Structure formats: C-alpha cells, structure tokens
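Trainee: Residues in the sequence shown are numbered consecutively from 70, following our numbering.
All residues carry an ideal CB built from backbone N, CA and C; glycine is no exception.
These numbers were taken from a predicted model, which means no experiment stands behind them.
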Amino acid sequence: MRIGVIGAGNVGKTLGGQLATKHTVKYGCRDPAKHPGIGAAPVPSVCDWAEVLLVCTPGFSTAAEAEALATSFGPGVRGKVFIDATNPLSAWPKLEGALPSSYVFKAFNTIGLEHMAALGPQGAAVFGGEAAAIERGPITMLYAGAEEKRAVAAAIISDVGFDPRYVGPIRYARNLEAIAELWIHCGIGAAGLNPTVDWGGDFAFQVVGGRKG
Ligand SMILES: NC(=O)c1ccc[n+]([C@@H]2O[C@H](COP(=O)([O-])OP(=O)(O)OC[C@H]3O[C@@H](n4cnc5c(N)ncnc54)[C@H](OP(=O)(O)O)[C@@H]3O)[C@@H](O)[C@H]2O)c1
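(1) Are the beta-carbon atoms of Leu84 and Val229 separated by less than 8 Å?
(2) Roughly how many angstroms separate the alpha carbons of Asp117 and Gly145, rounded to a whole number?
(3) Compute the distance between the beta-carbons of Glu249 and Ala213, then report whether it is under 8 Å.
(4) According to DSSP, simplified to helix, strand and coil, what is Gly73?
(5) From Ile180 to Ser227, what does the alpha carbon distance come to, in whole angstroms?
(6) Which residues in the same chain as Asn178 place their Cβ atom closer than 7 Å to its Cβ, once the five residues preceding and following it in sequence are excluded?
(7) Would DSSP call Pro111 helix, strand or coil?
(8) Can you tell me whether Thr131 sits near ligand 1, meaning its C-beta is under 7 Å from at least one heavy atom of the ligand?
(9) Keeping to the same chain, check which residues put their C-beta closer than 6 Å to that of Gly294; ignore five residues upstream and five downstream.
(10) Is Lys149 near Ile239, with beta carbons less than 8 Å apart?
(11) Pick out whichever of Ala167, Phe196, Ser130, Ala137 has its Cα sitting closest to the Cα of Arg147.
(12) With H, G and I counted as helix, E and B as strand and the rest as coil, what does DSSP make of Pro264?
(13) Could you spell out where the alpha helix (DSSP H) holding Cys255 opens and where it closes?
(14) Any chance the CB of Asp100 is under 7 Å from a heavy atom of ligand 1?
(15) Determine the extent of the beta strand (DSSP E) in which Ile152 is found, giving its start and end residues.
(16) Evaluate Pro264 with the Cβ neighbour count: other Cβ atoms within 10 Å of its Cβ, from every protein chain shown; 16 or more gives buried, anything less gives exposed.
(17) Between which two residues does the beta strand (DSSP E) carrying Arg234 extend?
If you want it as structure tokens, here you go:
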C-alpha cells in the first residue's frame, strides 16, 4: 500500500520505518527541506498520493486546531483511511469531526515510543531491554474506527508488529486517549505529571484472552 505519514517526528519515523519494510512510505511535512533523506514532501501532495495516512503530529487541544490540521491535508482526503496516533491531553477535540469524508481511526496512542519498534523474534514485544518477550506473541494494540474499513486499519497495525484488537466506532477514541493519559502519568512521573508514581516507560497495557479482532 501507499502509506503517508503526517509528521516526521519520533512516532512518525518509528511507525513509518516499521511499515517501510512492507509498504511504500512517504512523509508529509510542513517544511520537507527540514527532513532530508526520508522521502519528505508537502502534506497535501502526500495526502493526495497515499491510500492510508498516519497522523503523528502533536496532539491538538481545540477543535479549531483539529480543523486547521485537517484543512492543511488538502482535498485528497475523501474516502481515505486515517490512523490518528495523537494524544490530545487537555481536551478531546475530534479529528474525525474535521475529516467527515474520510475514515478516521485511533491507534498506536496507548503505548510508549520505545515499544513501537522494539520487537523480538516472532514480533513479540521486548521489555527490560533483553529477550524477556511475552511468550504468547505480539502485544495487543487497541483501535477504534469505522467497521467497514476496519480490515485496513488492522492490517497496518499488524504490519507494524502488534496484535490488533478492535474496540468499536471512533467514539471510543476518547477511551483510548484516557488509557494513553494513564500510561503517560504512570510512565513519566519523573517529568512531574504524577510525581507519586513512576513506573518508567518500559511497560505496556496488554489484553489477555478474549477473541481476536
Ligand atoms: N512519544 C510517544 O511515546 C508517543 C506514544 C504514542 C503517541 N504519541 C503521540 O504521537 C504524536 C507525535 O509524538 P512525537 O513524540 O512523535 O512528537 P514529535 O517528535 O514532536 O513529532 C511531531 C512532528 O509533527 C510535525 N508537525 C507538527 N505540526 C505539524 C503539522 N501541522 N503538519 C505536519 N507535521 C506537523 C513536527 O515536524 P515539523 O515541526 O518539522 O513540521 C514533528 O516532526 C503526539 O500527538 C503524541 O502525543 C506519542
């Protein structure tokens, strides 16, 4: 597939790097010259070219910011699948509200960057910096979005290296963002967000059991 990654930062380059082993990846950037050597191009041209888009920009905190981001994508968004990895932590404005002609999913937001690519044999997540992989296989990735394009989002999640678990329509994005907020507050306590708790970033929340999907 042709995959466009909007935002060539830590998350964008990590997910894009994983997907580039199986797909053609381009990065949509505000100033492509700032990101040499990675196939960066202006945001609207990447949105036009891509079949699936990953949104890896900083989280927006108002509906106006979400609208401005969606407008910057240009007219090539109609009917396309967007996977939104962002975490707006002060409010829950909806990217899907700003992209009414597209299929917006939420995924990849409930895990820390260090485990988006740190995969061991058979794709199992590695914790503790060694082969302490979860024996039952890849770690689970919760995702929300439109039922009719669910298979597209699941394929992207699998190709990054996770076990996709569908939680329902995009209205559940706010629940996934709440999980992410908890992850951040437990994992980065040292940054002062939640000074009484500090698990470090070397963990993930995992679904155990249940039917796959
Ligand atoms: N870090 C984590 O562990 C983690 C985990 C899960 C989810 N997330 C979420 O993932 C998102 C990205 O996090 P990150 O750590 O990758 O941040 P980051 O390293 O700061 O990267 C964000 C990138 O977005 C680009 N950008 C900003 N505004 C843009 C716009 N309007 N259009 C296009 N590109 C734009 C910036 O590039 P330029 O300034 O060069 O344009 C920058 O390279 C955040 O919403 C975060 O909450 C992070």
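Mentor: Concretely, from the data shown:
(1) yes
(2) 4 Å
(3) Per the sequence shown, residue 249 should be read as Ala rather than Glu. No. Outside cutoff.
(4) strand
(5) Whole-angstrom Cα-Cα distance: 15 Å.
(6) Ala154, Thr155, Asn156, Leu245, Glu246, Ala249
(7) For Pro111, the three-state secondary structure derived from DSSP is strand.
(8) no
(9) Limits of the chain in this structure are 70 at one end and 282 at the other, which puts residue 294 out of reach.
(10) no
(11) Answer by Cα proximity: Ala167.
(12) coil
(13) 242–256
(14) Residue side-chain check: Asp100 places its Cβ nearer than 7 Å to a non-hydrogen atom of ligand 1.
(15) 150–153
(16) Around the C-beta of Pro264, fewer than 16 other C-beta atoms lie within 10 Å, and the residue is accordingly described as exposed.
(17) 232–237
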